[in-house]
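Student: Plus 12 on top of the position in the sequence shown (first one is 1) and you've got the numbering used here. Structure incoming, see below.
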Amino acid sequence: MSGPKVVRIVTREEHETICRGMLARIDAALEAWAEAGRRNECLDAATVEAARRRRDALAALAADGKFAEMQAQAPAEESFLRSDMRFRLEKAAAAKVAARTHARRRTEAAAALIRAAAAVGVVLPDEVMSGLERGEEAALAEGFRALAAKRPTSQQKSTLAEQLRPGEHALSFSDWLAAQPAAPTDPDVERIEARLEELGALGQVGAIESLRKRLNEASGAPSPRRGLLLDGLEVESGRVLAEARKAADLMSALRVLLAEMAQAGLPVAAFTVSEGAVVAMQDIQARLGAAEAALARHRADEAASARRAAVMKGLAGLGYEVREGMTTTFAASGRLVVADAARPGYGVEVSGAADGRQFQMRPVAFAAPGEPADTSRDRDAETIWCGQASELSRALAAGGGGMEIVRSLPVGATPLKRVFATDRAVVDETEMGTVRERSLPKP
């Protein structure tokens, strides 16, 4: 395939820009992840350090030119940080509910211990009594030891002897604590409490107050009404939590996107949401969409410029007469013809859209109006162009980029395009019959 070619260019600069943006996103996600973990006491230093090492490993891949590996791994790391924090916040919320349940259990056991001590005439020290009133584990253990130290009665001795029979054991504090009657727990209430805890971790303090008030009302309501109130709270708390999670996800997406924009040198003030500000989800979505569009335009312009520059540098390396200002002309008109210094009368035409996603490259012949074509030399020019296209591809790859051939026509599939030249001016007669002039050096 040696005739006109449609190619897709990727430059090293484009890869490096993408990698820098991804690292900026991960840095922002990592900072938010670590801060949320610290605030909710659900991350340890070793876990944070491991995440920082993973980030540094990604930076090392980019520095080593392993762009494909880095660009494959970076989104996965960003996604992990987001999902891991969701998991940890849910787990922390459930742990807080369990801790409150355990605290109630200790308070009930302390009351039972105080009653048991009074029944057998054991006077507990003031500090132990104070600790029992607070439901402290150490006070419970000390109070149990005081009870155990009291001399048993004859009946108690008989009971103790029964406990010390072979295969039996004396009652331990943990056994006694486990045997104490506890108020029944309601899984519906605990589930709603866990949701309220997670809402608090997500910063939704305003939503918690009214839901907590309704939950307290439901907990003290008689059975039929209690069930109705809890059913309503189940639906409402689930809805509020789902919206809070969605808002948190949008804010997270906006945060990392603005970090990427800032790294690219773009202004972000117009898209920023102040910490703690109450903003509707629709507004966050609108800012996110506008910021994405602004970054996409900037990235496209940068990439197109880098691709055009890479093509011109590559053609210059092949011996084509590339001069200063041609890249600007190429960007403005979308088309450029350059002469081959080694083959007078021949050159190459490069054309493409403004975004530079694809270029068409084709060999051309310079001729005077009415001059007949030299089909033999034209065929040689196409064959030579094939080899030059391969050289261009290798040069781009060596520089960290690449060139993919999207379409290519074989030698002779279409007549070599003629570019009419007189003196230093080149006149290109297009398919529409319009005429444009371009300056070319004398052969």
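Positions of the beta carbon are idealized from the N, C-alpha and C atoms, including for glycine.
At the level of alpha carbons, what is the spacing between E210 and R251?
Tutor: As a first step, residue 210 is located in the sequence shown; it is residue number 198 there, counting from the start. As a first step, residue 251 is located in the sequence shown; it is residue number 239 there, counting from the start. Cα to Cα, E210 sits roughly 13 Å from R251.
Student: Three or more C-beta pairs closer than 8 Å, one from the segment 279 to 292 and one from the segment 316 to 336: is that the case here?
Tutor: no
Student: In angstroms, rounded to a whole number, what distance separates the CA positions of Y332 and F283?
Tutor: Mapped onto the sequence shown, residue 332 falls at position 320. Mapped onto the sequence shown, residue 283 falls at position 271. Computed Cα separation, rounded: 46 Å.
Student: Is L307 near A274, with beta carbons less than 8 Å apart?
Tutor: Locating residue 307 in the sequence shown gives position 295, where the first residue counts as 1. Locating residue 274 in the sequence shown gives position 262, where the first residue counts as 1. Cβ atoms of L307 and A274: not closer than 8 Å.
Student: Where are the alpha helix (DSSP H) runs, 4 residues long or more, that stay fully inside the segment 194 to 225, in chain order?
Tutor: Within the segment 194 to 225, the complete alpha helix (DSSP H) runs of at least 4 residues are 199 to 213.
Student: Considering just the uninterrupted stretch of the beta strand (DSSP E) at V362, what are its terminal residues?
Tutor: Against the sequence shown, residue 362 aligns to sequence position 350. From DSSP, the beta strand (DSSP E) with V362 extends over Y358 to G364.
Student: Apart from the five residues just before and just after E81, which ones in its own chain have a Cβ nearer than 8 Å to its Cβ?
Tutor: Position 69 of the sequence shown holds residue 81. Contacts found: L73.
Student: Alpha carbons only, please: which of M34, N52 and L93 is nearest the one belonging to A62?
Tutor: Within the sequence shown, the letter at position 50 stands for residue 62. When only C-alpha atoms are compared, the closest one is L93.
Student: What runs of the beta strand (DSSP E), each 3 residues or longer, lie entirely inside the segment 43 to 107?
Tutor: Fully enclosed beta strand (DSSP E) runs of no fewer than 3 residues are not present anywhere in the segment 43 to 107.
Student: Does the Cβ of F342 have 16 or more other Cβ atoms within 10 Å, making it buried, or fewer, making it exposed?
Tutor: Here residue 342 refers to the residue found at position 330 of the sequence shown. A residue is called buried once 16 or more other Cβ atoms fall within 10 Å of its Cβ, and F342 is buried on that count.
Student: Inspect the CB distances between the segment 387 to 406 and the segment 300 to 315 and report whether three or more fall short of 8 Å.
Tutor: no
Student: Along the chain, where does the beta strand (DSSP E) containing S420 start, and where does it finish?
Tutor: Numbered from its first residue, the sequence shown carries residue 420 at position 408. Run containing S420: G414 to S420, per the beta strand (DSSP E) assignment.
Student: Exposed or buried, what is D467 when buried is set at 16 or more other beta-carbons lying within 10 Å of its beta-carbon?
Tutor: It is not possible to answer for residue 467, since the shown part of the chain is limited to 13 through 455.
Student: From D392 to A377, what does the alpha carbon distance come to, in whole angstroms?
Tutor: As a position in the sequence shown, residue 392 is number 380, starting the count at 1. As a position in the sequence shown, residue 377 is number 365, starting the count at 1. Distance between the alpha carbons of D392 and A377 is about 11 Å.
Student: In terms of alpha-carbon separation, which member of V418, S286, E255 and R64 lies closest to L270?
Tutor: Taking the sequence shown and counting its residues from 1, one reaches residue 270 at position 258. Of the candidates V418, S286, E255 and R64, the one whose C-alpha sits nearest the C-alpha of L270 is S286.
Student: If we ignore side chains and look at the alpha-carbon of each, how far apart do A104 and H114 end up?
Tutor: Here residue 104 is taken as the residue at index 92 of the sequence shown, counted from 1. Here residue 114 is taken as the residue at index 102 of the sequence shown, counted from 1. C-alpha separation (whole angstroms): 15 Å.
Student: For the candidate residues R98, D68, A84 and V22, whose alpha-carbon lies nearest to that of G479?
Tutor: With the chain covering only 13 through 455, there is no way to say anything about residue 479.
Student: Could you give the first and the last residue of the continuous alpha helix (DSSP H) run that contains Q297?
Tutor: Taking the first residue of the sequence shown as 1, we reach residue 297 at position 285. Start and end: M293 to G329.
Student: Given a cut-off of 8 Å on the beta-carbon distance, is the pair L144 and G155 in contact?
Tutor: Stepping through the sequence shown from its first residue, residue 144 is reached at position 132. Stepping through the sequence shown from its first residue, residue 155 is reached at position 143. It is a contact, given that the beta carbons lie within the stated cut-off.
Student: Taking 7 Å as the cut-off, is the C-beta of A260 nearer than that to any heavy atom in the ligand MG?
Tutor: With respect to small molecules bound, the structure shown includes none, and the ligand MG cannot be examined in it.
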